[in-house]
Amino acid sequence: MMNLCKSLCPQTSRMLDIPPGRLKMDMLSPRSRQKEKVVIVMGPTGTGKSRLSIELATQFPAEIINSDKMQVYKGLDIVTNKVAEEEKSGVPHHLLGIANPNVDFTATNYCHTASLAVESISTRGLLPIIVGGSNSYIEALMDDEDFRLRLNYDCCFLWVDVSMPVLHKFVSRRVEQMVSMGMIDEARNIFDPYADYSTGIRRSIGVPEFDKYFRAEAFLDEENRARLLHEAICDVKKNTCKLACRQWEKINRLRKIKGWDIHRLDATEVFQKSGKEAEHAWEMLVARPSTAIVGQLLCGVPADKVPAIASVAKTMGYLRQCLVA
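Per our numbering: the sequence shown = residues 2 to 326.
1) Whole angstroms are fine: how far does the CA of E223 sit from the CA of I334?
2) Any heavy atom of the ligand MG inside 8 Å of the beta-carbon of R216?
3) Straight-line CA distance for D162 to A219?
4) Measuring alpha carbon to alpha carbon, tell me which residue in K36, R52, V80 and I55 is nearest N190.
5) Helix or strand or just coil, what does DSSP make of G318?
6) Could you check whether V180 and Y154 sit closer than 9 Å to each other, using their CB atoms as the reference points?
7) Does R70 pass the burial test, meaning 16 or more other C-beta atoms within 10 Å, or should it be called exposed?
8) Note the first and the last residue of the continuous alpha helix (DSSP H) segment covering Y1.
9) Tell me, to the nearest whole angstrom, how far the beta carbon of C271 is from that of A288; I am working on the premise that it is less than 8 Å.
10) L128 to M184, Cα distance in whole Å?
11) Please report how far the alpha carbon of E286 lies from the alpha carbon of L97, in whole angstroms.
12) Which runs of the alpha helix (DSSP H) fall wholly inside the segment 38-78 and span at least 4 residues, in chain order?
13) Considering only C-alpha positions, which residue in the set S123, V167, E210 and Q178 is nearest to C156?
14) For the alpha helix (DSSP H) that contains F272, what are its first and last residues?
15) Kindly list the residues whose CB is nearer than 7 Å to the CB of V295, restricted to its own chain and excluding five residues on each side of it in sequence; keep chain order.
16) Please name the residue or residues paired with R265 in a DSSP beta bridge.
17) Note down, in chain order, each residue of its chain lying with its Cβ closer than 7 Å to the Cβ of R244, except the 5 sequence neighbours on either side.
18) At 4 residues or longer, and completely inside the segment 182-255: list those alpha helix (DSSP H) runs for me, N to C.
19) Excluding the five sequence neighbours on either side, which residues of its own chain have a C-beta within less than 7 Å of the C-beta of C112, listed in chain order?
20) Go to I99, then tell me how far its alpha helix (DSSP H) extends in each direction, as first and last residue.
21) Can you look up P93 in the DSSP assignment and give me helix, strand or coil?
22) Pull the bridge partners of L128 from the DSSP assignment, please.
23) May I have the straight-line CA-CA distance separating K38 from F211, to the nearest angstrom?
24) What residue range is occupied by the uninterrupted alpha helix (DSSP H) comprising V295?
25) Are the beta-carbon atoms belonging to L229 and K213 less than 9 Å from one another?
26) Quick check on this structure: which residue in A63, V237, N103 and E284 has the alpha carbon closest to the alpha carbon of G201?
27) Determine whether the beta carbon atoms of K83 and A100 lie at a separation below 9 Å.
28) So is N67 buried or exposed if we call it buried at 16+ other beta carbons inside 10 Å?
29) In angstroms, rounded to a whole number, what distance separates the CA positions of K257 and S54?
30) Might you give, ordered along the chain, the residues of its own chain that have their beta carbon closer than 7 Å to the beta carbon of F215, omitting 5 neighbours on each side?
31) Quick one: using the 10 Å Cβ neighbour count with 16 as the cut-off for buried, is Q248 buried or exposed?
32) Under DSSP, the alpha helix (DSSP H) around L133 begins and ends at which residues?
33) Looking at the secondary structure, which residues open and close the alpha helix (DSSP H) in which L286 lies?
Below you can see the structure in the form of structure tokens.
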């Protein structure tokens with residue numbers, strides 16, 4: 002194992018001689034570090050961005066920064082589809098459920114807190130992975146008036162893409178799963194007939210759509226309640242699909258109009274399969290290529306050698322403890 006480290010990244014051979022708390026991410030690189038690195042995982046809602054970011058953070062020493070403008074608020078974990086604690090694989094997540102749900106968390110607020118998180122993670126020798134569907138947050142962070150993040154960091158963009166017709170079917174099924182998990186009761190708990198649906202967490206898809214139903218349900222018979230509820234759920238599905246289209250268009254604009262160097266990963270086949278076949282497609286089309294891209298970013302080695310480096314980092318169980326100590 003250590004011979005592999007030596008052949009791929011010479012400095013890795015000194016790992017065992019480094020006291021805990023002193024190990025730095027740049028020791029995985031054979032080159033002198035010029036800039037710290039940041040990985041940004043983008044894609045429409047439902048494409049598997051959170052899954053990919055967690056997988057990368059278990060392959061490389063990293064922490065995750067949320068860039069979803071609804072998940073940044075406290076509450077409505079089902080409605081906003083926050084990643085569950087048991088799904089985080091022990092990876093620290095920043096800017097997730099931290100903001101007052103009744104006050105707008107603006108792009109300016111995001112840029113300030115996300116920049117601090119990036120700096121904190123990098124200072125501890127870890128890789129910041131920014132992930133979320135709110136491309137306006139990401140654009141504001143990357144293209145502020147001073148381009149501070151781009152000046153100080155090498156930024157690597159990963160785009161998990163799925164054909165829209167295929168994705169629309171998936172997100173519709175996901176809405177049904179969210180309903181079975183308690184989405185309606187969660188939305189009912191914050192229902193306020195005088196609420197402003199243009200502010201804070203109440204802008205989330207899955208909140209305003211149920212307003213008519215919550216106002217009328219106490220006065221309707223069972224048949225009409227069921228009809229109104231069905232209409233509300235259909236509205237959630239339609240609005241989620243519209244959101245996915247807008248997100249796709251925004252990423253495409255950033256890539257084609259603004260010239261962002263974004264690595265596109267076509268995950269359509271993953272969503273057309275099930276079971277082991279879907280898992281294999283994810284591994285081949287998304288996980289391995291992403292690992293190779295990030296490995297090249299960090300280590301500067303040929304792409305076909307990167308999986309071995311990632312395996313080394315993952316296998317050496319003490320690595321994360323050293324990094325976060």
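All residues carry an ideal CB built from backbone N, CA and C; glycine is no exception.
So, to answer that:
1) With the chain running from 2 to 326 in the structure shown, residue 334 is simply not present.
2) The ligand MG is not part of the structure shown, which contains no ligands of any sort.
3) 42 Å
4) V80
5) Low local confidence applies: a pLDDT of 38 at G318 is under 50, so the model's placement there is unreliable, with the coordinate-based value given in what follows. Of the three classes helix, strand and coil, the one that applies to G318 here is coil, per DSSP.
6) no
7) A small fix is needed here, since residue 70 is Lys in this sequence, not Arg. Per the 10 Å Cβ criterion, buried.
8) Not covered by the structure: residue 1. The range shown for the chain is 2 to 326.
9) Checking the sequence, you will find Val at residue 271 rather than Cys. Not a contact, Cβ separation roughly 10 Å.
10) 34 Å
11) Reading the sequence as shown, one finds Leu at residue 286 and not Glu. Taking the straight line from one Cα to the other gives about 28 Å.
12) 50-60
13) S123
14) T269 to Q273
15) V40, L57, F61 and C157
16) W160
17) It is Leu, not Arg, that sits at residue 244 in the sequence shown. Within the same chain, L244 has close Cβ partners T46 and I206.
18) 184-190 and 212-217
19) A141, L142 and D145
20) No alpha helix (DSSP H) holds I99; DSSP gives it neither H nor E.
21) coil
22) A63
23) 42 Å
24) R289 to C300
25) yes
26) N103
27) no
28) buried
29) 24 Å
30) R189 and F192
31) buried
32) Checking the sequence shown, residue 133 turns out to be Gly, not Leu. Here G133 belongs to no alpha helix (DSSP H), and DSSP marks it neither H nor E.
33) Careful: L286 lies outside any alpha helix (DSSP H) and carries neither H nor E.
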